[in-house]
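Chains as they are written, first to last, in the numbering used here: chain A, 1 to 283; chain B, 1 to 283; chain C, 1 to 283; chain D, 1 to 283. One structure below.
Protein chains: 4
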Amino acid sequence: KNRAVLLITCPEDLDVISAVSNCLVYNKASISQLDQHTTDPYEGMLFIRFEIELDPNEKAVNQLKIDLQELAIKYNMNWKLKTDTEIKRMAVFVSKMDQHLLELILRAQTKEIPVEIALVISNHPDLKETVEYYGIPYYHIPITPETKAEAEFKELQLLAEAEVDFIVLSRYMQILSPYFILKYENRIINIHHSLLPAFIGARPYDRAYERGVKFIGATAHYVTSDLDAGPIIHQDVHRVSHRHRAKDLKVIGSHVEKSVLAQAVTLHADDRVIVHENKTIIF
Amino acid sequence: KNRAVLLITCPEDLDVISAVSNCLVYNKASISQLDQHTTDPYEGMLFIRFEIELDPNEKAVNQLKIDLQELAIKYNMNWKLKTDTEIKRMAVFVSKMDQHLLELILRAQTKEIPVEIALVISNHPDLKETVEYYGIPYYHIPITPETKAEAEFKELQLLAEAEVDFIVLSRYMQILSPYFILKYENRIINIHHSLLPAFIGARPYDRAYERGVKFIGATAHYVTSDLDAGPIIHQDVHRVSHRHRAKDLKVIGSHVEKSVLAQAVTLHADDRVIVHENKTIIF
Amino acid sequence: KNRAVLLITCPEDLDVISAVSNCLVYNKASISQLDQHTTDPYEGMLFIRFEIELDPNEKAVNQLKIDLQELAIKYNMNWKLKTDTEIKRMAVFVSKMDQHLLELILRAQTKEIPVEIALVISNHPDLKETVEYYGIPYYHIPITPETKAEAEFKELQLLAEAEVDFIVLSRYMQILSPYFILKYENRIINIHHSLLPAFIGARPYDRAYERGVKFIGATAHYVTSDLDAGPIIHQDVHRVSHRHRAKDLKVIGSHVEKSVLAQAVTLHADDRVIVHENKTIIF
Amino acid sequence: KNRAVLLITCPEDLDVISAVSNCLVYNKASISQLDQHTTDPYEGMLFIRFEIELDPNEKAVNQLKIDLQELAIKYNMNWKLKTDTEIKRMAVFVSKMDQHLLELILRAQTKEIPVEIALVISNHPDLKETVEYYGIPYYHIPITPETKAEAEFKELQLLAEAEVDFIVLSRYMQILSPYFILKYENRIINIHHSLLPAFIGARPYDRAYERGVKFIGATAHYVTSDLDAGPIIHQDVHRVSHRHRAKDLKVIGSHVEKSVLAQAVTLHADDRVIVHENKTIIF
């Protein structure tokens with residue numbers, strides 16, 4: 001049997017869980033993990049994640065989808081079924097820093113992050129050799145204020161051709177257009193080098209140093225057109241002291257960022273994240 | 001409507017979740033939180049915790065119990081239903097140290113721990129005044145090797161009379177007999193002053209100091225007749241360094257212990273703990 | 001012999017450490033702990049904390065002070081010598097919340113915080129009984145916009161009479177005047193319920209909930225006339241998830257705050273904090 | 001000027017700090033960081049670490065060494081002076097796992113760990129290509145019970161020829177002989193996959209899983225002939241739950257190990273570790 005994940009968002013209703021469970025049992029899918037969250041048991045929203053063991057034959061999967069669609073109409077339900085055979089395809093956007101990218105490549109290689117890295121896109125040529133060493137296509141697309149629209153057009157074409165499911169901005173130093181962001185809504189993951197909402201904007205470690213904080217942190221979030229304000233997926237922190245200079249904060253922070261980004265990507269690739277009103281439910 | 005918690009343990013079966021969900025829907029109980037865990041989706045054990053909103057009238061509750069019992073037979077299911085009207089009654093056993101006890105009393109007062117402290121039992125008279133100041137009955141039962149059996153008999157009587165649901169050993173310096181432990185199986189919570197299984201036995205902080213560890217910790221666990229080896233409910237740690245003397249470790253450790261014990265008691269009182277083969281599932 | 005602490009701030013100079021060490025040796029004071037920090041070994045500021053064992057007789061202490069003052073002139077040195085016989089006297093300002101205050105009282109009782117709580121001042125009468133139970137004087141000074149200046153005058157009088165060294169704002173819901181703050185510069189400790197600079201201002205937990213952060217925290221800082229912007233003494237954090245409601249964040253946060261405040265007060269009372277340009281050096 | 005580190009261990013004496021400080025001033029060495037620890041200000045041991053700015057000419061360094069040696073005799077002092085020009089040379093012993101090794105190589109490349117990786121020795125040929133890609137010599141020395149003594153002899157020769165200062169066992173699955181360990185006393189760093197002293201010996205993650213602990217950890221320590229009992233340099237932990245299977249603990253643990261090992265190696269390479277009676281002082 002094959003593993004699959006079913007994600008559901010719908011308005012609270014007394015019998016959604018039993019209706020979906022029945023549907024799964026009827027289609028001979030056994031539930032190996034069930035996570036549920038409700039914002040309010042009477043008038044709130046309901047979020048469910050089923051990990052199921054499923055007959056791998058196509059006909060069975062299709063029948064399940066037909067049955068789920070019927071429930072979707074009845075309960076006003078958003079749903080998504082992903083089988084393990086459909087491994088997600090990821091694009092990484094970088095500028096010149098290689099550490100975060102390398103961490104993602106190494107974790108993808110060991111299957112710790114269940115993705116296929118379809119391509120890497122950069123506005124600089126610097127990391128071409130490193131990336132191609134791992135057998136991943138690298139596209140250098142320079143960006144100037146004049147060519148920005150054109151460059152994004154080329155990027156979107158490459159992403160479409162490579163059938164990319166989601167994008168990771170690995171210390172990518174360019175701002176994406178609202179149009180681009182909308183095309184990949186809740187499918188672009190960025191890493192910000194502070195524990196948002198602290199130190200929104202530029203130079204967070206320098207500002208953390210100046211403020212004399214005792215913790216630095218990192219935040220992985222989905223990109224929205226409102227800078228640094230998108231839904232937070234994962235965060236982590238590290239204690240620091242007066243002995244750490246601004247450059248020490250950057251080194252320590254870089255390790256926190258790498259780890260936070262890799263974990264956020266894993267959560268997304270495992271279909272463990274549901275976005276609702278600028279917040280995430282993490283199962 | 002009233003809040004209730006339903007805990008279930010049974011062998012894995014394809015349709016348990018849908019069967020129970022159906023039963024709840026049929027009894028007009030809406031699910032506000034569902035947590036599930038399986039050790040193996042084919043041959044493993046299945047653990048479920050439902051938080052439900054329930055009609056408070058007795059007849060409805062009884063009908064639900066009857067229906068659940070039917071399912072229990074069919075699926076070989078252990079189950080427990082607790083309604084919010086049945087708040088748990090807790091006994092605390094202490095010797096002379098008051099800090100952990102005080103933390104429990106204060107958190108129970110603010111309803112952070114949803115319990116009624118029914119009584120405090122001690123082999124010393126020292127804390128009588130403190131405990132009675134908070135309106136809690138205090139029983140001083142001295143223990144010598146000769147009177148131990150008799151003392152335990154008296155304790156069991158007091159616990160039965162006070163209709164105690166579970167017991168907390170708050171730095172209680174006596175070992176309970178296997179008979180006593182069996183009577184309250186998985187219902188006696190102890191706090192051990194180390195991150196078990198490190199430093200099993202006596203003087204853990206002194207030994208931690210001697211070993212030069214960089215972390216100290218605390219462990220709340222259910223008491224079994226095998227000392228310090230019962231199922232672990234909660235643990236926490238605190239980083240230390242060469243600058244901390246043995247007595248500093250004791251002070252820091254004491255705060256970790258208080259917090260770990262209070263959290264473990266809250267988890268137990270909320271029916272968030274299922275014990276299975278000397279391990280806990282924490283929902 | 002008695003324990004004493006010597007704190008020094010001065011411009012970097014090649015031979016300050018040896019000069020002060022010589023002075024201590026000459027006065028038969030042995031160094032049991034030495035902490036040093038420099039912002040830049042050539043042109044920076046130098047901070048030193050000596051823990052010393054000192055002859056307790058007054059004449060010896062006075063001679064040491066005379067010798068230190070000579071060095072102070074030569075090296076442009078700020079210095080402060082505190083002997084253990086001069087235990088610090090602390091005032092606590094509260095409104096209605098008792099948890100933080102109680103934590104401070106209990107830790108002062110067990111000598112974990114080396115202070116004498118000289119008095120408690122509140123703009124409400126609610127906590128009078130609790131505070132007086134522990135033998136601490138309680139002054140109820142109501143505050144309205146019209147009486148504010150007068151109230152502060154009365155408070156300053158009480159503080160002077162009680163020979164108070166420093167003040168703790170334990171969830172005190174009033175803003176102090178710049179004049180008051182200047183009188184106790186770097187001697188008023190406040191606890192803010194967020195990991196500053198995140199969520200400056202009111203209702204931090206509600207705003208943390210709305211932003212969907214994965215960590216909440218607390219910050220103890222010295223009060224300056226610029227709200228929530230004073231030098232940070234201590235911070236701590238606690239991981240949270242989508243399952244925590246706003247009110248859960250408040251409960252968890254409250255425990256973090258208590259612990260952070262108590263640790264910051266201990267650091268201050270132990271003369272382990274030096275303030276320099278809105279940042280702290282913590283030894 | 002050049003940076004240098006001076007480490008001192010000696011019996012407590014009232015005027016050691018001033019004597020050494022004077023010696024440094026006299027030799028025009030300015031102190032940029034001073035850390036000190038004493039086990040007991042009257043009869044204990046005293047540990048000091050000076051970071052100093054030093055004239056780089058050889059004659060000045062030699063004069064300082066002569067002066068320090070004089071003090072060493074007077075105060076029964078162990079001392080070690082390392083200048084930044086003498087960067088430490090490190091050997092790594094591996095078996096087949098590459099992750100820890102790769103982390104060390106990458107951090108050495110970015111100068112985060114201030115070492116030169118002189119060579120890698122392995123009892124397997126598997127990682128030859130990876131290591132040589134980074135321009136580091138790789139020696140494959142197979143080990144059987146019969147050839148063990150001979151293999152160690154060869155290893156010691158290679159280490160001597162490469163002028164290696166210290167050795168890192170990066171998940172190296174062979175036990176070194178007491179003779180070998182003595183040759184590099186307190187200069188062989190091993191990473192153990194548990195929070196020692198918990199789970200000493202083999203298969204710690206499986207045993208952690210079976211015990212149902214809520215934390216896993218890793219420990220970097222110096223190797224002694226007593227297995228897993230050497231002085232602890234650094235530790236870290238990660239919270240886990242019943243949802244983590246044994247294989248999940250291994251993945252999470254592996255990241256903790258990598259980070260703990262890299263930090264321990266940095267501490268050692270920076271001369272921040274003093275070993276005293278099977279414990280470490282970390283400055």
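Beta carbons are placed, not taken as given, at the ideal position from N, Cα and C, and that holds for glycine. As the structure is a computational prediction, the values presented were derived from the model and not from experiment.
Asked	Found
Chain-ordered chain A contacts of B/Q36 [CB-CB under 8 Å]	I31, Q33, L34, D35
Near-chain C residues of the segment 55-88 of chain A (beta-carbon distance less than 9 Å), N- to C-terminal order	none
Classification of D/L54 by the beta-carbon crowding that lies within 10 angstroms, buried from 16 upward	buried
Reference C/L182; option with closest CA among C/T224, C/L106, C/D40	C/T224
Close beta carbons around D/I189, own chain, < 8 Å, minus the five adjacent residues each side	F166, I167, V168, L169, A220, H221, Y222, V223, I233, L261, A264, V265, H268
Within 9 Å, strictly: CB atoms of D/H124 and D/S95	yes
Counterpart residues of B/G217 in DSSP-defined beta bridges	B/V237
Members of the segment 245-276 of chain C that neighbour chain B once the beta carbon cut-off is set at 8 Å	V251, H255, S259
Where C/I52 sits in the DSSP three-state scheme	strand
Under the three-state DSSP convention, the category B/L46 falls into	strand
C-alpha gap between D/V164 and D/E116, whole angstroms	9 Å
contact_flag[the segment 11-28 of chain C, the segment 41-61 of chain C] where n(CB pairs < 8 Å) is 3 or more	yes
Rounded Cβ spacing between A/L46 and A/V20 (contact assumed at less than 8 Å)	Contact flag wrong, Cβ pair sits at about 10 Å.
Short CB-CB distance (under 9 Å) between D/H234 and chain B	yes
C-alpha gap between C/S122 and A/Y209, whole angstroms	36 Å
C/A246: first and last residue of the uninterrupted alpha helix (DSSP H) it sits in	246-269
Beta-carbon proximity check, A/K250 vs A/Y205, cutoff 9 Å	yes
7 Å CB neighbourhood of B/Q174 in its chain, flanking five on each side removed	N123, I143
Under 7 Å by beta carbon: chain D residues contacting B/R211	P197
Proximity winner among D/Q109, D/L156, D/S194, relative to D/I136 (alpha-carbon distances)	D/Q109
Chain-ordered chain C contacts of B/E112 [CB-CB under 7 Å]	V251
B/E70 beta carbon less than 9 Å from that of B/E43	no
Element boundaries [alpha helix (DSSP H), containing D/R325]	With chain D covering 1 to 283 only, the question about residue 325 of chain D has no answer from this structure.
9 Å Cβ cutoff met for D/A149 and D/A91	no
First through last residue of the alpha helix (DSSP H) which encompasses B/M226	Here residue 226 of chain B is Asp; the residue named in the question, Met, does not match the sequence. Premise fails: B/D226 is in no alpha helix (DSSP H) and is neither H nor E.
Length of the line joining the Cα atoms of A/I73 and B/H37	29 Å
Collapsed DSSP secondary structure at B/E185 in the structure displayed	coil
Pairwise C-alpha distance: C/V237 and D/V213	23 Å
Ordered list of beta strand (DSSP E) runs contained in the segment 109-177 of chain D, each at least 3 residues	115-122, 138-140, 166-170
C/F180 in three-state terms, based on DSSP	helix
Partner residues on chain B for A/E43, Cβ-Cβ distance less than 9 Å	Neighbours of A/E43 on chain B: none; closest Cβ ~11 Å, over 9 Å.
Partner residues on chain B for A/E53, Cβ-Cβ distance less than 7 Å	P41
Delimiting residues of the beta strand (DSSP E) encompassing B/L7	2-11
Those residues which DSSP pairs with C/D35 across a bridge	C/R49, D/D35
Neighbour-count burial assignment, D/D247, 16 or more Cβ in a 10 Å radius	As written in the sequence, residue 247 of chain D is Lys, which differs from the Asp given in the question. That one is exposed.
Cα-Cα separation between A/L158 and A/Y138, rounded to whole angstroms	11 Å
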